[in-house]
Amino acid sequence: MRELFDEVAGQSPLDPEEAVRRTTRTPRRKRFYARAGVVETADGFAITLDGKPIRTPSGRPLEAPTREIANAIAVEWEAQQELIDPLTMPLTRFANSVVDGVVERVEAVADDVAKYLGTDLLFYRAGHPEALVAREAKHWDPVVFWAAETLGAHFMLAEGIVHVRQPEPAIAAARAAFPDDPWSIAALHVVTTVTGSALLALALLHGVLDQERVWAAAHVDEDWNIEKWGVDEEVAARRAARLVDLRAAAHILKALNPGA
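Using full-length UniProt numbering, the first residue of the sequence shown is number 1, and each one after it goes up by one.
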């Protein structure tokens, strides 16, 4: 079972695109169990196959922090047919990444998310055409204003792609709004890398935007180009894979931060 997800982890345990690329080259394994289940342990909720606990690619017990998350992972295993397809198991892949790559380095993962606050997607605006400028403002301004008003994070906007150095107090204020548990910070990391925006990830975490609005905001420019030039099949495939990972991360954030 462990080798099934060895390749899925990719070069980075939190890189969904690399995970998809590697998984598509990995032969699928036949389903070898009758039932998936969940049992409570001293550290959380373990997912089992025919009563035996699942382990991550590195051999650690795969345990979720809540029964709701563990049940959702078990559902992924129950849904597998004759062959196991890791691409249809985003929560399982996410859980492997957390247990193997995040639990012992929460601060490092948070630092990686914080790097995006210096070059966030929402800071760099188009200068023309007016319709695109207006569309970016519609999707992005509410999040930037929320960060300033609620988090005290006052960022600078720029036109074009010339780098603008962001104020350290703004970055620190936004960083202070990060969660500190490994599952939430891992989910924040996934949303950030999928969207190119730590602010959109924070907006999702704190309930400012739902996952549909976050997805739309992250693809304003791409959707504009699609409307003008059409859809590229390879780009569409990568986009579909990113959406699967965004939804899994959003599921985790909602489960662990229900009041947000």
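Here a beta-carbon is modelled for each residue, glycine too, at the ideal position from N, C-alpha and C. Bear in mind the structure is a predicted one, so any value in this text is a computation, not a measurement.
In chain order, P90, L91 and F94 place their CB closer than 7 Å to the CB of A248, counting only its own chain and leaving out the 5 sequence neighbours on each side. Runs of the alpha helix (DSSP H) lying entirely within the stretch 124-163, each at least 4 residues long, are 130-146 in chain order. With respect to E136, A147 sits apart: the two C-beta atoms are not nearer than 8 Å. Per DSSP, the unbroken beta strand (DSSP E) holding G37 starts and ends at A36 to E40. The beta carbon of R67 lies closer than 6 Å to those of F45 in the same chain, with the five residues before and after it left out.
As the crow flies, the alpha-carbon of A34 is around 14 Å from that of I54. Membership of A170 in the alpha helix (DSSP H) is indicated by the continuous run E168 to R175.
Note that the C-beta distance between L202 and L122 is not below 8 Å. Beta-carbon to beta-carbon, V208 and V143 are separated by about 7 Å, close enough to satisfy the 8 Å threshold. Taking a cut-off of 8 Å for Cβ pairs, the stretch 158-168 and the stretch 69-87 do not touch, as fewer than three such pairs fall below it. Of the other Cβ atoms in all chains shown, 16 or more fall within 10 Å of the Cβ of E63; this residue is therefore buried. Per the C-alpha coordinates, the member of T119, D210 and K30 positioned closest to H251 is D210. H189 is the residue among H189, W140, A217 and V220 whose C-alpha sits nearest the C-alpha of A110. The way I'd put it, the stretch 176-183 does touch the stretch 98-105; three or more beta-carbon pairs between them come closer than 8 Å. Assignment of beta-bridge partners to T48 by DSSP yields G37 and P53. In the DSSP assignment, the residues bridged to K30 are L83. Between K30 and L83, the C-beta spacing is below 8 Å.
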